[in-house]
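Contents: one structure, followed by commentary.
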Amino acid sequence: LDFTSPEGEQFSSSEQKTPYADITAYNNFYEFGTDKDDPARYAKEMTIDPWAVEVSGLVLKPGKLNLEDLLSGFDLEERIYRLRCVEAWSMVVPWIGFPLADLLQRFQPLSTAKYVEFRTLYRRSEMRGTRSFGSIIDWPYREGLRLDEAMHPLTLIAVGLYGKTLPHQNGAPLRLVVPWKYGFKSIKSIVSIKLVDRQPATSWQSLAPREYGFYSNVNPAVDHPRWSQKFERRLPSSLFRPNRIPTRMFNGYEEQVAELYRGMDLSKYY
Amino acid sequence: MGSVPLRSVVFVLCITPFIGLVIDGLNSGLGPDPAEQVMGRSGQWALRMLLLTLLVSPLRQWTAWSMILSCRRILGLFSFFYASMHLASFSHFYIAWQPSLLLDELIRRPYIAAGFTAWLLMLPLAITSSKAWQRRLRRNWRKLHRLIYPATLLACLHLLWQARSDISESLVYTVLAALLLAWRLIPKKGSKGTL
Numbered sequence: 030l031d032f033t034s035p036e037g038e039q040f041s042s043s044e045q046k047t048p049y050a051d052i053t054a055y056n057n058f059y060e061f062g063t064d065k066d067d068p069a070r071y072a073k074e075m076t077i078d079p080w081a082v083e084v085s086g087l088v089l090k091p092g093k094l095n096l097e098d099l100l101s102g103f104d105l106e107e108r109i110y111r112l113r114c115v116e117a118w119s120m121v122v123p124w125i126g127f128p129l130a131d132l133l134q135r136f137q138p139l140s141t142a143k144y145v146e147f148r149t150l151y152r153r154s155e156m157r158g159t160r161s162f163g164s165i166i167d168w169p170y171r172e173g174l175r176l177d178e179a180m181h182p183l184t185l186i187a188v189g190l191y192g193k194t195l196p197h198q199n200g201a202p203l204r205l206v207v208p209w210k211y212g213f214k215s216i217k218s219i220v221s222i223k224l225v226d227r228q229p230a231t232s233w234q235s236l237a238p239r240e241y242g243f244y245s246n247v248n249p250a251v252d253h254p255r256w257s258q259k260f261e262r263r264l265p266s267s268l269f270r271p272n273r274i275p276t277r278m279f280n281g282y283e284e285q286v287a288e289l290y291r292g293m294d295l296s297k298y299y
Numbered sequence: 206m207g208s209v210p211l212r213s214v215v216f217v218l219c220i221t222p223f224i225g226l227v228i229d230g231l232n233s234g235l236g237p238d239p240a241e242q243v244m245g246r247s248g249q250w251a252l253r254m255l256l257l258t259l260l261v262s263p264l265r266q267w268t269a270w271s272m273i274l275s276c277r278r279i280l281g282l283f284s285f286f287y288a289s290m291h292l293a294s295f296s297h298f299y300i301a302w303q304p305s306l307l308l309d310e311l312i313r314r315p316y317i318a319a320g321f322t323a324w325l326l327m328l329p330l331a332i333t334s335s336k337a338w339q340r341r342l343r344r345n346w347r348k349l350h351r352l353i354y355p356a357t358l359l360a361c362l363h364l365l366w367q368a369r370s371d372i373s374e375s376l377v378y379t380v381l382a383a384l385l386l387a388w389r390l391i392p393k394k395g396s397k398g399t400l
């Protein structure tokens, strides 16, 4: 992939990057199973070519983007972001992608649009995790952002990783990356982007509203009911050096995004 | 097979998951997040061994093969061994050996309290597992060792309570545990009560 490196320290990181092998072997992508190594093993079963993303709802020009438009129609940049999973582990990932704002502007959102709803591909024949009898997620996987969050310059559509196209298990061919929110907000393998006027229902919030809020901003002061969010294990971690580090407000992007939540009680809107 | 060779076989089988963990640990086979691997595998084997321990009495009744009774102590002790490893890895990776954090987690998170209580209930059973203790406690030994029942229930609760989106695996364990415990409620002819 051809890409540039943008100016601005928020788009890069001096922290040690998590190796490619770890980023592509340790994933949560429940469509392929709930074990961390299931996606690396089974996501290859998903067909990603041809691929189309439908952009619909409150936009002036609804339409579809196919895979070729995605990879050639936008200026790609490298963004080195911290990724903080709600399960209290984290990585540093060099993504290749373009701002979600670039994509949305192409379809011209209407002034009535307030939120963006995303959906992952749902294809039972190629996603063994969706066929598991004990799975209680109501597929397809859904996520959402407020429009101002979606238009924020940090919010990325990633199509690559370490300079190469995105592996299946990391959400090929395109995924969202919202670095100041818990990882599950960064929805993978997107097929639908819809602009709406009401806060959309998201998968994890529908499943356990007490545990996963719509916003899900990284916040060490608000615990997950079943574990603390004050610390995280920066991966790779090892047996004798667990690499346990304190979690930062908004995952260290406070300066860039705190403004979006001014006046909101973040323990209520978690 | 005599009882000594049988016990040796069971011992080797029981320690195999531990050796597997050590080998993986030395070859970076635990992946980028060993905490998750060690926690998951030790917890899983603690529960499996617990269920196998509970399987000994029914097996003996069905097969009349009394020699397997001699394996029960090994199975129970290994269950405690893996449960202790599970607790130790939680202490190491998640709370960095800080007792105040353990207390905090126990108070705030009932599933951790359930798991910890199960371990506490198993502790006296592990201590009094020897023949000498069995003689010393006489009839009370059997009563004491019935603590394995609440420990099993709490271990299943501990697992069910933390399932996030797929409950199939925890359900399988819970159903097996329920069957093994229910078997003990069936009145049996000529039995003076067994474990």
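In the order they appear, the protein sequences are chains A and B. The first sequence runs contiguously to residue 299 in my numbering. The second sequence runs contiguously to residue 400 in my numbering. Think of the CB as a built atom: it goes at the ideal place given N, C-alpha and C, for glycine as much as any other residue.
Item                                                                                                                       : Value
Local Cβ density within 10 Å of A117(A), reported as buried at 16 or more and exposed below that                           : buried
First through last residue of the alpha helix (DSSP H) which encompasses E240(A)                                           : E240(A) -> no alpha helix (DSSP H), and no H or E assigned at all.
Beta-carbon proximity list for F243(A), same chain, < 8 angstroms, skipping 5 on both sides                                : G173, Q228, T231, Q234 and Y298
CB contact check: H291(B) to chain A, cutoff 8 angstroms                                                                   : no
Chain B contacts from the segment 33-52 of chain A (Cβ-Cβ distance under 9 angstroms)                                      : T47, P48, A50, D51 and I52
Residues that DSSP places opposite G189(A) in a beta bridge                                                                : I125(A) and T194(A)
Residues bridged to I274(A) [DSSP beta-bridge criterion]                                                                   : E261(A)
Segment limits, beta strand (DSSP E) that includes T149(A)                                                                 : Y144 to T149
Per-residue contacts from S235(A) into chain B (C-beta, under 8 angstroms)                                                 : By Cβ distance, chain B contributes nothing, its closest Cβ being about 11 angstroms from S235(A), past 8 angstroms.
C-beta neighbour in chain B for G163(A), strict 8 angstroms                                                                : yes
Below-8 angstroms beta-carbon distance, V274(B) vs any chain A residue                                                     : Note on identity: in this sequence residue 274(B) is Leu, with Val being the wrong assignment. Closer than 8 angstroms: no.
Per-residue contacts from T63(A) into chain B (C-beta, under 7 angstroms)                                                  : S370 and D371
Under the three-state DSSP convention, the category T33(A) falls into                                                      : strand
Minimum Cβ-Cβ distance from F163(B) to chain A less than 8 angstroms                                                       : This structure cannot speak to residue 163(B), because chain B is shown only from 206 to 400.
Straight-line Cα distance separating Y110(A) from F279(A)                                                                  : 12 angstroms
Start-to-end residues for the beta strand (DSSP E) that takes in V88(A)                                                    : Run containing V88(A): none; DSSP gives neither H nor E here.
Contact set for C276(B): own chain, Cβ-Cβ below 8 angstroms, skip 5 residues either direction                              : L211, R212, V215 and V261
Given S41(A) as reference, the closest of V122(A), T76(A), P48(A) and A69(A) once Cα atoms are compared                    : V122(A)
Straight-line Cα distance separating R313(B) from A319(B)                                                                  : 12 angstroms
Amino acids of chain A, ordered along the chain, whose beta-carbon sits closer than 9 angstroms to that of Q249(B)         : Residues of chain A passing the Cβ test: none, with the nearest at roughly 12 angstroms.
Closest by C-alpha distance to L89(A), when choosing among E97(A), T141(A) and K65(A)                                      : T141(A)
is_contact[W118(A), chain B] using C-beta, thresh 8 angstroms                                                              : yes
Runs of beta strand (DSSP E) lying entirely within the segment 73-107 of chain A, each at least 3 residues, in chain order : 81-86 and 92-95
Same chain, Cβ closer than 6 angstroms to P68(A), five either side skipped, listed in chain order                          : N56, F58, F61 and Q198
Whole-number beta carbon distance between W256(A) and G189(A), since they are thought to touch under 8 angstroms           : Their Cβ separation, rounded to whole angstroms, is 32 angstroms, which puts G189(A) and W256(A) out of contact at 8 angstroms.
Limits of the beta strand (DSSP E) - the one that K223(A) falls within                                                     : I219 to V225
Per-residue contacts from I166(A) into chain B (C-beta, under 9 angstroms)                                                 : S370 and D371
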